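*Asks:*
Numbering (full-length UniProt numbering), first residue to last: 1 to 513.
1. Would residue 416 pass as a contact of residue 383 if the rule is Cβ separation under 9 angstroms?
2. According to the Cβ coordinates, are residue 32 and residue 83 closer than 9 angstroms?
3. Classify residue 166 as buried or exposed, calling it buried when 16 or more other Cβ atoms lie within 10 Å of its own Cβ.
4. Compute the Euclidean distance between the alpha carbons of residue 314 and residue 305, then round it to the nearest angstrom.
5. Kindly indicate which three-state DSSP category residue 299 falls into: helix, strand or coil?
6. Using a 10 Å radius around the Cβ and a threshold of 16 neighbouring Cβ atoms, would you call residue 493 buried or exposed?
7. Quick check: the Cα distance between residue 489 and residue 495, rounded to an integer number of angstroms?
8. Of the residues 219, 232, 242 and 161, which one's Cα is nearest the Cα of residue 210?
9. Kindly identify the DSSP beta-bridge partner or partners of residue 173.
10. State the Cα-Cα distance for the pair residue 427 and residue 250, rounded to the nearest angstrom.
11. Have a look at the DSSP bridge pairing and note the partners of residue 100.
12. With 16 other CB atoms within 10 Å as the buried threshold, where does residue 238 fall?
13. As a quick exercise: from 231, 54 and 273, pick the residue whose alpha carbon is nearest that of residue 16.
14. Leaving out five residues before and five after residue 354 in sequence, what residues of the same chain have Cβ atoms less than 6 angstroms from its Cβ?
15. Determine the direct distance from the alpha carbon of residue 172 to that of residue 192, and round the result to whole angstroms.
16. Would you report the Cα separation of residue 268 and residue 208, rounded to the nearest angstrom?
17. Taking the DSSP output, what are the residues bridged to residue 127?
18. May I ask which residues mark the beginning and end of the beta strand (DSSP E) holding residue 80?
19. Between the C-alpha atoms of residue 182 and residue 61, what's the straight-line distance to the nearest angstrom?
20. Between residue 46 and the rest of its own chain, which residues show a CB-CB distance below 7 angstroms, the 5 nearest in sequence each way excluded?
21. Under a three-way DSSP split, which group does residue 504 fall into?
22. Could you check whether residue 370 and residue 38 sit closer than 9 angstroms to each other, using their CB atoms as the reference points?
23. DSSP three-state call for residue 14: helix, strand or coil?
24. With respect to the beta strand (DSSP E) encompassing residue 2, which residues constitute its N-terminal and C-terminal limits?
25. Run through the segment 183 to 227 for me and flag every whole alpha helix (DSSP H) of 4 or more residues, listed as ranges in chain order.
26. What's the gap between the Cα of residue 255 and the Cα of residue 283?
27. In this structure, how does DSSP classify residue 420 when only helix, strand and coil are distinguished?
28. Can you give me the Cβ contacts of residue 457 inside the same chain, cut-off strictly under 8 angstroms, excluding the 5 residues immediately before and after it?
29. Thinking C-alpha only, which one of 140, 112 and 153 is nearest residue 133?
30. Helix, strand or coil for residue 168, going by three-state DSSP, please let me know.
31. Alpha carbon to alpha carbon, how far is residue 101 from residue 26?
32. Answer with buried or exposed for residue 155, where buried requires no fewer than 16 other C-beta atoms within 10 angstroms of its C-beta.
33. Short check: CB of residue 435 to CB of residue 332, under 9 angstroms?
34. Rounding to the nearest angstrom, what Cα-Cα distance links residue 79 and residue 163 in this structure?
35. Around the Cβ of residue 348, are there at least 16 other Cβ atoms within 10 angstroms (buried) or fewer (exposed)?
36. Going by the DSSP bridge assignment, what does residue 415 pair with across the sheet?
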């Protein structure tokens, strides 16, 4: 993806893509509502929600190089956009209420950004739904929807449900093959129907009766009782069964992700340039000082700091990054694992194995806590990255399964209560510092675990605690720009200076209560 925040940019883009499909690619007017008590009211412009959403409405992918010029492109497309900040009764801090119009029809979508680029559509045309963007969706608008439901259910062409909102529609979740058969079936009917197909927006699709081998550490240990697998091998098992793909495909996919990460790091170390940001290419100075031996020795740590910084600079200059676990914390995980592996001469396959292991820790976190700073503070982002990276470093060092899990537990314990207070909404300060802190903590906790330090609290219980602590963090300290460092005198000066430098095209109108 490109952009400062996966919760704001990538997720918003996915919601926008679904809106575009619902409108059959024809959008003339968009009315966007944000609740003043949520995160988006204060951050939608600076953290890239507008950029992502508009890019999705234009049909772009999350790594499209045009995203940085989104206002110009939305204006050239002739789409009129109004953004209104007023009470909408939203219970989630990242709630998008979107009304879309053209000359023939009007539709409304309510979507949530749930963290790390993931989404949930909770309402279409005032009817409750629960859609994650991982199925082929078919919406059939008709007054005869109940009769259609009976006919389609008999053919077993997906999971069909009847919805009554502003207009009756039938919603069918299916795979691509089932969707083609469904469309052929309904097109043969002599009925007046309006049909909309919504493409999946996630890279790995879901399917009927999907199961996974485990979703907690306790279940993982039970699954592994008679197998004696390493954490990365268990991750390959999980991804193979979850995605219905071979283990070789799992390894190949993760290999491509690692390659993208490495490429981004190397590009960052050549220098980055972008006007709308706070920090410049600091990693270049770090690299120079390291080569001239002006830093406190420690090659693994120093390379990890340098790589973490480089990745964050690529993100802040609108380069391509992997949101792992999020864009705001995209530096710590690859910086730590690739930095450690590069310093110690590990192979590409070993990097892939370490990253798979890290990803499995992320599965447990997102299933039972959150990756979203808007929900759980920076603990959900840099804290999660640190726990994931710690487990990955243990795998690089050929540590045991119990040592990998202990490393993750200790790193997550070290980040409980970490707040999110981005300066000027640019996801740079103090985000860079916290990514570096996450990398440093990960290396320390990996070494502690490899030395069989006692984790004391098991990983499952730490993740449960993350959820409780996140719920207790005040709204002002969860990515709203309303507390912490974000409201210091210096931060406000930086915010004003960046706002004065920003070119406003007039493509969007803003209102607030």
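C-beta atoms are modelled at their ideal positions from N, C-alpha and C, and glycine is treated no differently.
All figures in this text were calculated on a predicted structure; none of them were measured in a lab.
*Replies:* Taking the geometry as given:
1. As a first step, residue 416 is located in the chain shown; it is residue number 416 there, counting from the start. As a first step, residue 383 is located in the chain shown; it is residue number 383 there, counting from the start. Result yes, Cβ atoms of residue 416 and residue 383 sit closer than 9 angstroms.
2. The residue you call residue 32 lines up with position 32 of the chain shown. The residue you call residue 83 lines up with position 83 of the chain shown. Residue 83 is positioned such that its CB atom lies closer than 9 angstroms to that of residue 32.
3. Stepping through the chain shown from its first residue, residue 166 is reached at position 166. Exposed, because fewer than 16 other Cβ atoms sit within 10 Å of the Cβ of residue 166.
4. Translated into the one-based positions of the chain shown, residue 314 becomes position 314. Translated into the one-based positions of the chain shown, residue 305 becomes position 305. Straight-line Cα distance between these residues: approximately 14 angstroms.
5. Along the chain shown, one-based indexing puts residue 299 at 299. DSSP places residue 299 in helix when its eight states are reduced to three.
6. Stepping through the chain shown from its first residue, residue 493 is reached at position 493. Its Cβ having fewer than 16 others within 10 Å, residue 493 is exposed.
7. If you number the chain shown from 1, residue 489 lands on position 489. If you number the chain shown from 1, residue 495 lands on position 495. Whole-angstrom Cα-Cα distance: 10 angstroms.
8. By one-based count along the chain shown, residue 210 stands at place 210. Of 219, 232, 242 and 161, the residue nearest in Cα terms is 242.
9. On the chain shown, residue 173 is found 173 positions in, with the first residue counted as 1. According to DSSP, residue 173 bridges with 137 and 159.
10. On the chain shown, position 427 is the one that residue 427 refers to. On the chain shown, position 250 is the one that residue 250 refers to. Each residue's Cα considered, the two are about 31 angstroms apart.
11. To locate residue 100, count along the chain shown from 1; it is residue 100. Answer by DSSP bridge pairing, in chain order: 30 and 107.
12. Here residue 238 refers to the residue found at position 238 when the chain shown is read from its first residue. Burial call: buried.
13. Within the chain shown, the letter at position 16 stands for residue 16. The candidate whose alpha carbon is nearest that of residue 16 is 54.
14. The sequence position of residue 354 within the chain shown is 354, counting from 1. Cβ contact annotation for residue 354 (same chain, cutoff 6 angstroms, sequence separation greater than five): 337, 392, 395 and 396, in chain order.
15. Here residue 192 is taken as the residue at index 192 of the chain shown, counted from 1. Here residue 172 is taken as the residue at index 172 of the chain shown, counted from 1. Looking at the two C-alpha atoms, the distance is approximately 18 angstroms.
16. Counted from its first residue, the chain shown places residue 268 at position 268. Counted from its first residue, the chain shown places residue 208 at position 208. Taking the straight line joining both Cα atoms gives about 42 angstroms.
17. Along the chain shown, read from residue 1 onward, the residue named residue 127 stands at position 127. Residue 127 pairs with 124.
18. Taking the first residue of the chain shown as 1, we reach residue 80 at position 80. For residue 80, the enclosing beta strand (DSSP E) covers residues 80 to 85.
19. As a first step, residue 182 is located in the chain shown; it is residue number 182 there, counting from the start. As a first step, residue 61 is located in the chain shown; it is residue number 61 there, counting from the start. Just so you know, the alpha carbons of residue 182 and residue 61 end up roughly 27 angstroms apart.
20. For the purposes of this step, residue 46 is taken as residue 46 along the chain shown, with counting starting at 1. Excluding positions up to five away in sequence, the list reads 424, 425 and 426.
21. Residue numbering aside, residue 504 sits at position 504 when the chain shown is read from its first letter. Low local confidence applies: a pLDDT of 45 at residue 504 is under 50, so the model's placement there is unreliable, and no value is given.
22. As a working note, residue 38 is residue 38 in the chain shown. As a working note, residue 370 is residue 370 in the chain shown. Not in contact: residue 38 and residue 370 (Cβ atoms no closer than 9 angstroms).
23. Here residue 14 is taken as the residue at index 14 of the chain shown, counted from 1. Note: residue 14 maps to helix in three-state DSSP.
24. The count along the chain shown starts at 1 and reaches residue 2 at position 2. Segment: none, residue 2 is in no beta strand (DSSP E) and carries neither H nor E.
25. 217 to 223
26. Taking the chain shown and counting its residues from 1, the one referred to as residue 255 is at position 255. Taking the chain shown and counting its residues from 1, the one referred to as residue 283 is at position 283. Approximately 25 angstroms, taken between the alpha carbons.
27. Locating residue 420 in the chain shown gives position 420, where the first residue counts as 1. Reduced to three states, the DSSP call for residue 420 is strand.
28. Taking the first residue of the chain shown as position 1, residue 457 is located at position 457. Same-chain partners within the cutoff: 409, 413 and 465.
29. Numbered from its first residue, the chain shown carries residue 133 at position 133. The candidate whose alpha carbon is nearest that of residue 133 is 112.
30. Within the chain shown, numbered from 1, the residue matching residue 168 stands at position 168. Three-state result, residue 168: strand.
31. As a position in the chain shown, residue 101 is number 101, starting the count at 1. As a position in the chain shown, residue 26 is number 26, starting the count at 1. When rounded, the distance between both Cα atoms is 8 angstroms.
32. Your numbering for residue 155 matches position 155 in the chain shown. Classification of residue 155: exposed, given that the 10 Å Cβ count is below 16.
33. Translated into positions along the chain shown, residue 435 becomes position 435. Translated into positions along the chain shown, residue 332 becomes position 332. Cβ distance < 9 angstroms, so residue 435 and residue 332 count as in contact.
34. Taking the first residue of the chain shown as position 1, residue 79 is located at position 79. Taking the first residue of the chain shown as position 1, residue 163 is located at position 163. Their Cα atoms are separated by approximately 29 angstroms.
35. Here residue 348 refers to the residue found at position 348 when the chain shown is read from its first residue. Classification for residue 348: exposed.
36. Counting from 1 along the chain shown, the entry for residue 415 is found at position 415. Residue 415 pairs with nothing; no bridge assigned.
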